[in-house]
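In case it helps, my numbering puts the sequence shown at residues 4 to 160.
We put the beta carbon where it would ideally sit given N, CA and C, even for glycine.
Notes follow once the structure below has been shown.
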Amino acid sequence: MVKATYIDHFETWQKEFIFSHPIKVRFSETDMFGHVNNTVVFTYLEEARIEFFKSLGLMQYWIEGDSDLIPVVADLQCDYLSQTFFDEKLEVKVKVNKLGSSSVDIHYLVQKQNGKPAFVGRGTIVQISKKTGKPVGWTENWRKSLLTMIGKECVDA
């Protein structure tokens, strides 16, 4: 039973993911006890989040030379559900949970090959101006793209 405050009903929640990214645990990511170091999981979430944004075209837009906009992580959390070891293959699933005017609340599900959840997480990403440091709202096109990845009826924040 998963007990994370941001998940109401785990079975329903896990079915709502549309995007996934594979990860293979490298030896350097394990600690002296032989399992994935707790800080490494945030790197897995970052890698999957970047691939998620690439799939929408957002990452390419943000890293263009003339773009003033960048994504920043406002908060990020992870709940550890089972130990994970060297050479295990993981699937990091990503979905939009809530879409704000300039932010997006993203949920993560990291599953082992047998489908068992290893980690769950969530985080808020805010689109800001590099020049001012202030939030910048999503364009209508970006809103539509993000809403296609929500996996359930959208809840605007």
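Under a three-way DSSP split, which group does lysine 133 fall into?
coil
Looking at the structure shown, is threonine 15 part of a helix, part of a strand, or coil, going by DSSP?
helix
Check this for me: beta carbons of lysine 48 and glycine 126, under 9 Å apart or not?
It should be pointed out that residue 48 corresponds to leucine in this sequence rather than to lysine. Yes, these two residues count as a Cβ contact at 9 Å.
Is the CB-CB distance between valine 129 and serine 148 below 9 Å?
no
Reduced DSSP secondary structure (H/G/I, E/B, other) of phenylalanine 22:
strand
Is the stretch 10-27 touching the stretch 86-97 in the sense that three or more CB pairs, one from each, lie closer than 8 Å?
yes
As assigned by DSSP and simplified to three states, the class of serine 106:
strand
Here's the rule I'm using: 16 or more other beta-carbon atoms within 10 Å means buried, otherwise exposed. How should phenylalanine 88 be labelled?
exposed
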